[in-house]
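Novice: The listed protein sequences derive, respectively, from chains L and D. The letter at position 404 of the first sequence is residue 404 when you use this note's numbering, and the numbering goes up by one with no holes. The letter at position 18 of the second sequence is residue 18 when you use this note's numbering, and the numbering goes up by one with no holes. Ideal placement from N, C-alpha and C gives every residue a C-beta, glycine not left out.
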Amino acid sequence: MGQQELDISGLNLESKSGPTVADELPKVSLAREKLLEEARRALESEEGGRKSASLVIIGHVDAGKSTLIGRLLYELGRVDEKTKIANERASDKIGKGSFSWAWELDGTTEERERGITMDVALQALETPNRRITILDAPGHRDFIPNMISGATQADCALLVVDSSTGEFEAGFERGGQTREHLILVRSLGVSQVVVAVNKLDQVDWSRDRYEDVCEQLKAFLVQSGFHPSRTSFVPVGAMAGVNLLDRSGSDVLALRAWYSGPTLVNLLDTLQPPTRDIDAPLRFPIFNVFKGSASATGVSGRICGGIVQVGERLRILPGDETAVVKSIESESEAEPLPWAAAGSNVTLYLIAVDPIHLSIGSVLCSPSNLIPLASVFTARIIVFDIEVPILAGTSVELFHQSRNVPASISKLTAILDRASGGVTKNNPRVLTKGASAEVQITIRPVAFSGPASRAQPIPIEPFASNKDMGRILIRRGGETISAGIVLTVVS
Amino acid sequence: MKLVGKHINKDHSGYVSIRPEDDEDMWHLYNLIQEGDNVRAPAIRRVQNVSATGSSESHRVRTTLTLTVSRVEFSPSTAPTGAEASSSSTTPLEPTASLQVTGRVAAENSHVKLGAFHTLDIEANRDVRIEKLEWDSIALERIEEASIPGRGAEVGAIVCGEGTAAFCLLSQHMTVVRQRIAVPVPRKRTGSATAHERGLSRFYDTLYQTFLRHIPYSSPSLRAIVIASPGWVRDAVFDHIMAEATRTGNRALLGARPKFVRVHINSPHVHSLVEVLKSPEIVSQLKETKFAREGIMLDKFFKMLGSDEQRAWYGPDHVSLAVDRGAVGTLLISDELFRASDPQLRKRYVTLVEDVREKRGEVLIFSSMHESGQQLNQITGIAAILNFPLDVEVVEAEEREAKEEAEKKLQESAEGA
Ligand SMILES: Nc1nc2c(ncn2[C@@H]2O[C@H](COP(=O)(O)OP(=O)(O)OP(=O)(O)O)[C@@H](O)[C@H]2O)c(=O)[nH]1
Ligand SMILES: [Mg+2]
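Structure follows, in structure tokens:
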């Protein structure tokens, strides 16, 4: 198949990048002005010290993602000796000794028993110049919805591939998650990727194998819309901690013989921090809800625009409820924060709200500037490598931030030229692989609730207003078939 | 559904009397009763009595009314919440669907004047008489199919993900979502999975209680109980159900163990039932059932659209052309098309079905109350798998030419005259 079909750059996301905000706040209070000023000053001074960025760890199942992060946390002193030993003992006891490093991330009983990451684990670490939020995603294809909800919160990606014979190939072939994950993160706006070529111990630290894997990936990365200047590669042995922080130890003479480039930490230390649109209206899509201390409810996620401070009343959409921010915490900060701005991954502790009104996928906004709710909208999409074409009426699942809902591609408006974006055909009968198109998408009503039932609208907004809130992914039968951006909300 | 009486004249007019018994029968009636039919059924009517002193009082009387139908409304199971919907595991479940027939009174009686408006709430186990000017083949076929005794839910299905589950009953013509549950399960957090695990165990408990109330697991007509999920939730759910059955000594449930089938699906939404129906585990058990066949053929149609586009046609106009050319091997058509309020339109689809059958093609009338039918509805409600490839554009061009030719001839003969 022509890999060009997968080229997400066909969406021309970059050329569309003027930050246009649909609605201006009616009246800006002085307090808000002051807050913005303070935030701007703080973010600027951050330029001098440690900059923050968030990193999603992606790759095919069993590539060694969790092991790599577990080991890295240990190397950086974020996991102490006692915990390390406890993990070793306990994992050994259930016959899963090889997963002891992963246990730091794979926290649930089921994950540990199966040796599989099932949901995203959140961690934080520091390199000399960066403060990094880690989102360790599951590789198993059944948990891609969770992986997506993690990836929507990241600026950069760390792709881990298993270099051992046959394993790299399994992850990289059609239907493997090495491919799918890369396409997913690119579609979600991630443009920087570090590739860790792992388990090189399994191939005797072979330089040929390393280079072969890199070559295959390089071609695919370019075709998927990643710029070569924003991709880098590093050979590692996650389990033994080789080339994460350094290359000491006698067992890696073989690697040292041919590799003198950066370590993983060197590369992480130069990650580009996100651009933060702090003047935009506040958007906080909820990734997790849990019971906090006292009467507060914790909601975590990434701020996708704007700024939030303690004491603010926020509206919860969909719905009519509001809540008040009691405190703000971040995984990467020891102290609670007075405020947090776009691009930060934080937990808000909310009060004055019944927790039943807070659910994963809801969006918190400032009451004076709400995100639109939509059950029908138009979108520009790019169709991936599919076998069954898309018809008007095709049933799909729509992914947006941490939410996924049944939907249908209700109208095929036009096929677009991939380079210019101009219309090449109106009202096409079908969309086949590689097509770029304008379509209408309708959220499906709850199944079998009668002929006249209406769908529950979801909070979503045009890409032109807020990039993060305007990106969508479309899946069908367990496969990602398309990605796109929201153009207009119809109803 | 019981067929109580039937009288069809040579000119296809006539009446049928039936006794609906369950949700599916309500659905049959919804599909049978059309605008303009006369329907006779028990009714409750509020009547005003003016007494000799001039004071008026109103009371409700039970009577039987005949209406000329102007509107029919169906609403499927109004998913009952909590305690109200308890039923024992062996008896068939009480119908939850409702059917309302509105129209003018066509036969006067002592309580109601001719021409007055009334809305009948069709009730289970009470006879309904439908009188039509024309009983076509599709309507008669439905009567026949619906009155085969011993039907009812054949498959119970729990479609679940972590924290969500939908309890469904599938019969030949409908999927009923009896109940949905959503228990918040917090995600794992750094250094702590206890909230997650507590959430999960609350979910399993709620799921078990709901299961007992909504899935008639030991009813003999229920052939299979499917637990479907992505990941491994289905295994945990099955283990929990069996553990609880053992702990509480629920013999009936333990006895139903062989009915359980676990199926992998790609998403926890109810629409994944289409994946359930085409999974090998289910196909081998249910292949002869109507709804399983529908699922398989719709899947075949979609696949063919990708691999052999010239043999997969859809949309009423295109499919009609393919039928005209005798090319249709399998016709997939939704019951929704036959509910057209325009009798001409209905007739067109009836003829289409008859044509395909005449040429030995297979016809599958999809129920809109199954996910496969809803997916067919989304793509116009009609599709066909052809016996040989035909190019849509070529056929359309030929049709245009033939039409122009005919018009030219007509014009020539007009000019010649
Ligand atoms: N030989 C060798 N094995 C490794 C290395 N890194 C990880 N593994 C093994 O690979 C297996 C999978 O590791 P995980 O860290 O769970 O992989 P993962 O990518 O997080 O898997 P999922 O999250 O389930 O997709 C474990 O048995 C690890 O011990 C390595 O550098 N060398
Ligand atoms: Mg993992």
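#1: Thinking C-beta only, is D:S307 closer than 9 Å to D:H429?
#2: In or out: L:Q192 buried (at least 16 other Cβ within 10 Å) or exposed?
#3: If you draw a straight line from the alpha carbon of L:V489 to that of D:P220, how long is it in whole angstroms?
#4: If you pair each beta-carbon of the stretch 134-153 of chain L with each one of the stretch 43-59 of chain L, do three or more pairs fall below 8 Å?
#5: Show which residues of chain L have a CB atom less than 7 Å away from the CB atom of D:R325.
#6: Does the beta carbon of L:I116 fall short of 8 Å from some heavy atom of ligand 1?
#7: Verify whether the separation of the beta carbon atoms of D:K6 and D:S17 is less than 9 Å.
#8: Threshold first: 3 residues or longer. Then list the beta strand (DSSP E) segments lying entirely within the stretch 373-397 of chain L, N to C.
#9: Could you check whether D:R223 and D:V155 sit closer than 9 Å to each other, using their CB atoms as the reference points?
#10: Just grab the DSSP bridge partners of D:F203 for me.
#11: Can D:F1 and D:S147 be called in contact, C-beta distance under 9 Å?
#12: Under a three-way DSSP split, which group does D:V328 fall into?
#13: Distance cutoff 9 Å, beta carbons only. Does L:V376 sit that close to anything in chain D?
#14: Using a Cβ cut-off of 8 Å, pull out every chain D residue sitting near L:L122, in sequence order please.
#15: CA-CA distance, D:S383 and D:I365?
#16: Pick from D:Q100, D:P184, D:T206, D:H118: whose alpha carbon is nearest that of D:V72?
#17: Can you tell me whether D:S334 is helix, strand or coil according to DSSP?
#18: With a cut-off of 9 Å, does the C-beta of D:L133 fall near any C-beta of chain L?
#19: On a CA-only basis, which of L:T109, L:L412, L:I371, L:E111 is nearest L:P281? Give me that one, please.
#20: L:V496 touches chain D at which residues, Cβ-Cβ below 9 Å?
#21: Helix, strand or coil: how does DSSP classify L:R59 here?
#22: Find out if the Cβ-Cβ distance for the pair D:I227, D:V183 is shorter than 9 Å.
#23: Please confirm whether D:V270 has its beta-carbon closer than 9 Å to some beta-carbon of chain L.
#24: What are the start and end residues of the beta strand (DSSP E) that includes D:F74?
#25: Taking 9 Å as the threshold (C-beta atoms), are L:L268 and L:I132 in contact?
#26: Could you spell out where the beta strand (DSSP E) holding L:N404 opens and where it closes?
#27: Measuring only the C-alpha atoms, how far is L:A437 from D:R400?
#28: So what's L:L267 in DSSP terms, helix, strand or just coil?
#29: Have a look at D:R62, D:V47, D:T64 and flag the residue whose alpha-carbon is nearest the alpha-carbon of D:S56.
#30: Which residue's Cα is closest to the Cα of L:C156: L:G301, L:T165, L:E387, L:G343?
#31: Among the candidates D:D37, D:P42, D:Q209, whose CA atom is the shortest distance from the CA of D:P20?
#32: Would you grab the beta carbon distance between D:G361 and D:L331 for me? Rounded to a whole angstrom, and I think it's under 8 Å.
#33: What residue range is occupied by the uninterrupted alpha helix (DSSP H) comprising L:G484?
#34: Since D:K303 meets chain L, which of its residues come closer than 8 Å, beta carbon to beta carbon?
#35: CA-CA distance, D:D11 and D:L133?
#36: Find out if the Cβ-Cβ distance for the pair L:T297, L:P355 is shorter than 9 Å.
Specialist: Straight from the coordinates:
#1: Residue 429 of chain D is absent from the model: chain D starts at 1 and stops at 417.
#2: Locating residue 192 of chain L in the first sequence gives position 192, counting from the first residue. Counting every other CB atom within 10 Å of its CB across the protein chains shown gives L:Q192 a total of 16 or more, marking it as buried.
#3: Within the first sequence, residue 489 of chain L is the residue found at index 489, counting from 1. Within the second sequence, residue 220 of chain D is the residue found at index 220, counting from 1. L:V489 and D:P220: Cα-Cα distance of roughly 50 Å.
#4: yes
#5: Translated into positions along the second sequence, residue 325 of chain D becomes position 325. Going along chain L, no residue has its Cβ under 7 Å from D:R325, so there is no contact; the nearest lies around 19 Å.
#6: Reading the first sequence from its first residue, position 116 is the one you call residue 116 of chain L. Yes, Cβ of L:I116 sits closer than 8 Å to a heavy atom of ligand 1.
#7: Start at 1 with the first residue of the second sequence, and residue 6 of chain D comes out as number 6. Start at 1 with the first residue of the second sequence, and residue 17 of chain D comes out as number 17. The Cβ atoms of D:K6 and D:S17 lie closer than 9 Å to each other.
#8: 376-383
#9: Position 155 of the second sequence, counted from the first residue, corresponds to residue 155 of chain D. Position 223 of the second sequence, counted from the first residue, corresponds to residue 223 of chain D. Yes. Within cutoff.
#10: Translated into positions along the second sequence, residue 203 of chain D becomes position 203. In the DSSP output, where bridge partners are listed per residue, D:F203 has none listed.
#11: Sequence index remark: in the second sequence, residue 1 of chain D carries index 1 (1-based). Sequence index remark: in the second sequence, residue 147 of chain D carries index 147 (1-based). First, the amino acid is wrong: residue 1 of chain D is Met here, not Phe. For D:M1 and D:S147, yes; Cβs fall inside 9 Å.
#12: The residue given as residue 328 of chain D occupies position 328 in the second sequence. Assignment of D:V328 by DSSP, reduced to helix, strand and coil, places it in the strand class.
#13: Numbered from its first residue, the first sequence carries residue 376 of chain L at position 376. Chain D contact via Cβ: absent.
#14: Counting from one through the first sequence, the residue named residue 122 of chain L turns up at place 122. Chain D residues near L:L122: R189, T190.
#15: Here residue 383 of chain D refers to the residue found at position 383 of the second sequence. Here residue 365 of chain D refers to the residue found at position 365 of the second sequence. As written in the sequence, residue 383 of chain D is Ala, which differs from the Ser given in the question. Rounded to whole angstroms, the gap between the alpha carbons of D:A383 and D:I365 is 11 Å.
#16: The residue labelled residue 72 of chain D in the question sits at position 72 within the second sequence. Comparing Cα positions, the closest option is D:Q100.
#17: Within the second sequence, numbered from 1, the residue matching residue 334 of chain D stands at position 334. Note: D:S334 maps to strand in three-state DSSP.
#18: By 1-based counting over the second sequence, the position of residue 133 of chain D is 133. By this cut-off, D:L133 is not an interface position.
#19: As a working mapping, residue 281 of chain L is identified with position 281 in the first sequence. Of the listed residues, the one whose Cα sits closest to L:P281 is L:I371.
#20: Coverage of chain L is limited to positions 1 through 491, which leaves residue 496 of chain L absent and any answer about it impossible.
#21: Translated into positions along the first sequence, residue 59 of chain L becomes position 59. Reading off the sequence shown, one finds Gly at residue 59 of chain L, where the question assumed Arg. In this structure, L:G59 counts as coil in the three-state DSSP scheme.
#22: Sequence index remark: in the second sequence, residue 227 of chain D carries index 227 (1-based). Sequence index remark: in the second sequence, residue 183 of chain D carries index 183 (1-based). No, Cβ-Cβ distance for D:I227 and D:V183 is not below 9 Å.
#23: In the second sequence, the residue the question calls residue 270 of chain D occupies position 270. So yes, D:V270 belongs to the interface.
#24: Position 74 of the second sequence, counted from the start, is the residue given in the question as residue 74 of chain D. That run of the beta strand (DSSP E) goes 56-75.
#25: The residue labelled residue 132 of chain L in the question sits at position 132 within the first sequence. The residue labelled residue 268 of chain L in the question sits at position 268 within the first sequence. Yes. Within cutoff.
#26: The residue given as residue 404 of chain L occupies position 404 in the first sequence. L:N404 -> beta strand (DSSP E) spans 403-416.
#27: Position 437 of the first sequence, counted from the first residue, corresponds to residue 437 of chain L. Position 400 of the second sequence, counted from the first residue, corresponds to residue 400 of chain D. L:A437 and D:R400: Cα-Cα distance of roughly 30 Å.
#28: If you number the first sequence from 1, residue 267 of chain L lands on position 267. Of the three classes helix, strand and coil, the one that applies to L:L267 here is helix, per DSSP.
#29: Numbered from 1 along the second sequence, position 56 holds the residue referred to as residue 56 of chain D. Residue D:V47 is the option with its Cα nearest to D:S56.
#30: The residue given as residue 156 of chain L occupies position 156 in the first sequence. L:C156 has its Cα closest to that of L:G343, out of L:G301, L:T165, L:E387, L:G343.
#31: For the purposes of this step, residue 20 of chain D is taken as residue 20 along the second sequence, with counting starting at 1. The option with the nearest alpha carbon to D:P20 is D:P42.
#32: The residue you call residue 361 of chain D lines up with position 361 of the second sequence. The residue you call residue 331 of chain D lines up with position 331 of the second sequence. With a Cβ gap of about 6 Å, D:G361 and D:L331 count as contacting.
#33: Working through the first sequence from its first residue, we reach residue 484 of chain L at position 484. Looking at the DSSP string, L:G484 is not in any alpha helix (DSSP H); the run it does join, the beta strand (DSSP E), is 479-489.
#34: Locating residue 303 of chain D in the second sequence gives position 303, counting from the first residue. By Cβ distance, chain L contributes E387, V388.
#35: For the purposes of this step, residue 11 of chain D is taken as residue 11 along the second sequence, with counting starting at 1. For the purposes of this step, residue 133 of chain D is taken as residue 133 along the second sequence, with counting starting at 1. Cα to Cα, D:D11 sits roughly 8 Å from D:L133.
#36: Here residue 297 of chain L refers to the residue found at position 297 when the first sequence is read from its first residue. Here residue 355 of chain L refers to the residue found at position 355 when the first sequence is read from its first residue. Yes, Cβ-Cβ distance for L:T297 and L:P355 is below 9 Å.
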